[in-house]
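For reference, the structure discussed in these notes is given below.
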């Protein structure tokens with residue numbers, strides 16, 4: 017899991033998201049102009065300096081200009097059809113929210129947008145000037161940062177990623193698309209790892225995850241773990257029809273030709289509900305019926321070509337074992 021453009025803030029506000037990232041994300045890139053690094057917390061600076069998970073990206077002028085134009089165009093649609101955005105922003109009157117000065121608590125640094133964007137927001141009374149750029153409503157900032165992350169991702173063959181469900185929903189609404197395979201892989205990886213952690217994430221200090229991340233022996237195992245997940249989805253996307261895959265589950269008593277038993281051997285324990293999102297809704301009941309026979313599937317089903325070789329499987333399994341022992345690091 018690499019080439020991830022993190023947004024909307026300089027650093028994740030969700031500590032659990034950051035802890036998961038330290039475990040299994042190869043790296044992610046928050047959008048931080050040079051002038052913004054002074055705003056980083058001591059903990060995030062420590063993570064940036066001592067690990068390889070954070071790769072700060074400074075927005076380029078062209079990216080900032082395109083995102084500015086995208087946002088202004090979208091604002092015109094919002095102003096013409098405000099009711100359409102009621103559910104998207106989860107507010108009854110989005111224009112009123114844009115103009116409510118008591119609601120202005122989000123600062124956007126001027127390196128992230130162009131002069132026209134600045135002037136437009138001031139003129140429309142959607143923002144006011146600040147020492148670093150403008151201060152505006154979280155809803156408008158949400159809109160702008162969604163476009164900026166998308167523009168940066170497009171120019172670098174990357175994927176936007178956020179720790180905010182609201183931003184995720186806005187992105188899907190604007191770009192009219194469902195979660196891509198990268199999103200599904202992240203969700204599946206998180207499910208697997210959550211099953212292996214010895215206690216709730218809240219109970220483990222962030223320093224333990226930093227130490228875990230710095231362990232050089234774990235790095236190769238993490239890479240294999242991520243590669244295995246990618247290979248699994250690639251096998252489905254390239255030449256395997258998910259419906260055919262499910263059909264083989266229906267006929268599991270007749271044939272195990274698809275080798276539908278283990279994804280990571282016995283390395284992880286995942287309930288059937290955690291994997292049903294991979295498949296079409298009409299087939300979910302089939303999986304649940306299988307669950308009655310197996311009670312708990314110890315891992316996600318895999319196809320024959322999901323792994324390059326047995327060593328990949330071993331490394332992935334060892335990686336999950338290391339996660340189980342994370343409290344000892």
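Residue numbers (the working numbering): 17 to 345. Using N, Cα and C, we set each Cβ at its ideal position, and we do this for glycine too.
What residues match up with residue i in a beta bridge as DSSP calls it?
{"i": "residue 176", "result": "21"}
{"i": "residue 93", "result": "Partner(s): none; residue 93 has no beta bridge."}
{"i": "residue 146", "result": "149"}
{"i": "residue 104", "result": "According to DSSP, residue 104 bridges with nothing at all."}
{"i": "residue 123", "result": "151"}
Are the Cβ atoms of residue i and residue j separated by less than 9 Å?
{"i": "residue 113", "j": "residue 155", "result": "yes"}
{"i": "residue 75", "j": "residue 49", "result": "yes"}
{"i": "residue 55", "j": "residue 217", "result": "no"}
{"i": "residue 182", "j": "residue 118", "result": "no"}
{"i": "residue 175", "j": "residue 19", "result": "yes"}
{"i": "residue 44", "j": "residue 85", "result": "no"}
{"i": "residue 179", "j": "residue 22", "result": "yes"}
{"i": "residue 52", "j": "residue 125", "result": "yes"}
{"i": "residue 150", "j": "residue 168", "result": "no"}
{"i": "residue 162", "j": "residue 24", "result": "yes"}
{"i": "residue 189", "j": "residue 73", "result": "no"}
{"i": "residue 222", "j": "residue 59", "result": "yes"}
{"i": "residue 120", "j": "residue 83", "result": "no"}
{"i": "residue 164", "j": "residue 128", "result": "yes"}
Taking only three categories from DSSP, how would you classify residue i?
{"i": "residue 111", "result": "helix"}
{"i": "residue 138", "result": "helix"}
{"i": "residue 220", "result": "coil"}
{"i": "residue 26", "result": "coil"}
{"i": "residue 45", "result": "strand"}
{"i": "residue 70", "result": "strand"}
{"i": "residue 33", "result": "helix"}
{"i": "residue 129", "result": "coil"}
{"i": "residue 116", "result": "coil"}
{"i": "residue 237", "result": "helix"}
{"i": "residue 51", "result": "helix"}
{"i": "residue 57", "result": "coil"}
{"i": "residue 242", "result": "helix"}
{"i": "residue 15", "result": "Here the chain comprises residues numbered 17 to 345, so residue 15 is not present and cannot be evaluated."}
{"i": "residue 276", "result": "Since pLDDT at residue 276 reaches only 22, below the 50 mark, its modelled position is unreliable, and the value read off the structure follows with that caveat. The answer is coil: DSSP assigns residue 276 none of H, G, I, E or B."}
Cutting at 7 Å between CB atoms, please list the residues of its own chain near residue i, excluding the five before and the five after it.
{"i": "residue 136", "result": "88"}
{"i": "residue 14", "result": "This structure gives no information on residue 14, because the portion of the chain shown stretches from 17 to 345."}
{"i": "residue 141", "result": "115"}
{"i": "residue 177", "result": "20, 21, 22 and 44"}
{"i": "residue 81", "result": "130"}
{"i": "residue 33", "result": "179"}
{"i": "residue 184", "result": "178"}
Between residue i and the rest of its own chain, which residues show a CB-CB distance below 6 Å, the 5 nearest in sequence each way excluded?
{"i": "residue 160", "result": "87"}
{"i": "residue 146", "result": "123"}
{"i": "residue 98", "result": "110 and 111"}
With a threshold of 16 other CB atoms inside 10 Å of the CB of residue i, please say whether the residue is buried or exposed.
{"i": "residue 170", "result": "exposed"}
{"i": "residue 61", "result": "exposed"}
{"i": "residue 228", "result": "buried"}
{"i": "residue 172", "result": "exposed"}
{"i": "residue 30", "result": "exposed"}
{"i": "residue 238", "result": "buried"}
{"i": "residue 57", "result": "exposed"}
{"i": "residue 26", "result": "buried"}
{"i": "residue 46", "result": "buried"}
{"i": "residue 79", "result": "buried"}
{"i": "residue 158", "result": "buried"}
Residue i: beta carbon under 8 Å from a heavy atom of the ligand SAH?
{"i": "residue 135", "result": "Ligands are entirely absent from the displayed structure, and the ligand SAH is therefore not among its contents."}
Excluding sequence positions up to five away, which residues of its chain have a Cβ less than 8 Å from the Cβ of residue i?
{"i": "residue 226", "result": "38, 62, 63, 66 and 67"}
{"i": "residue 191", "result": "166"}
{"i": "residue 108", "result": "102"}
{"i": "residue 70", "result": "43, 44, 45, 46, 60, 63 and 64"}
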